[in-house]
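Residue numbers (the working numbering): 34 to 219. Please read the structure below before turning to the comments.
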């Protein structure tokens, strides 16, 4: 899959030592590629180094079920209309158990009809963060009851990290030539 951005393409032999070190860390980690925001972040190896470690935790290390993490990521991709973020995570979310109807509603930027309380809560927390920049007491208490404090902290971290990802992808026009139409109108 061809990945492009509006940034200068870096060749390995043109990279600084720090860039090569971060690239090696990314390639040997769970991602195994310089996909998504890393294509941009590698231009700032210090940011890339910190962001890739946080991202690895948010994607692979939280106590949340993968289904819920991926739902939060798609909620974020939809909010930011982040083409590449959606293209990367939509199949992962589907494989993790997020239903086709929820995925399609999010792609259309509509409120999904949820069949599970945990998914609805994850979505409502993200929507509340994006629309009001807060989570009211009732929704917060519901999140604590469903997930516990530690996982609530991690969920907010997932939303924050993937907002950074979406902004990066959008600003630097990181695109994936997947052969399919982009999910959101430009």
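Heads up, the beta-carbon is just placed ideally off N, CA and C, and yes, glycines get one too. All values reported here derive from a predicted model rather than from experimental measurement.
Starting from the Cα of residue i, find the closest Cα among the options and give me that residue.
i, options, result
"residue 110", "49, 196, 82, 186", "196"
"residue 126", "157, 71, 143, 105", "105"
"residue 45", "69, 154, 216, 75", "75"
"residue 102", "198, 199, 131, 81", "131"
"residue 139", "192, 70, 156", "156"
"residue 163", "114, 92, 48", "114"
"residue 77", "91, 48, 147", "48"
"residue 99", "128, 116, 216, 108", "128"
"residue 189", "159, 82, 93", "159"
"residue 199", "68, 95, 213, 54", "68"
"residue 108", "186, 141, 178, 56", "141"
"residue 166", "144, 193, 215", "193"
Just confirm the distance between the C-beta atoms of residue i and residue j, as a whole number of angstroms; I'd bet it's less than 8 Å.
i, j, result
"residue 87", "residue 184", "In fact, because the Cβ distance is near 16 Å, the residues do not count as touching under 8 Å."
"residue 219", "residue 38", "Between residue 38 and residue 219 the Cβ distance is about 16 Å, and since that is not below 8 Å, they are no contact."
"residue 161", "residue 169", "7 Å"
"residue 120", "residue 209", "5 Å"
"residue 40", "residue 89", "No, residue 40 and residue 89 are not in contact; Cβ-Cβ is about 22 Å, not under 8 Å."
"residue 154", "residue 181", "That belief does not hold up - the Cβ atoms of residue 154 and residue 181 are roughly 12 Å apart, past 8 Å."
"residue 123", "residue 136", "6 Å"
At what residues does the alpha helix (DSSP H) containing residue i begin and finish?
i, result
"residue 58", "50–61"
"residue 96", "Per DSSP, residue 96 belongs to no alpha helix (DSSP H) and is neither H nor E."
"residue 201", "182–204"
"residue 124", "116–129"
"residue 217", "No alpha helix (DSSP H) holds residue 217; DSSP gives it neither H nor E."
"residue 43", "Element bounds for residue 43: n/a, residue is neither H nor E."
So residue i is in the beta strand (DSSP E); what residue range does that whole segment cover?
i, result
"residue 209", "208–210"
Per DSSP, residue i forms a beta bridge with which residues?
i, result
"residue 37", "208"
Segments of 4+ residues assigned as alpha helix (DSSP H) that fall wholly inside the stretch 140–179: 150–165
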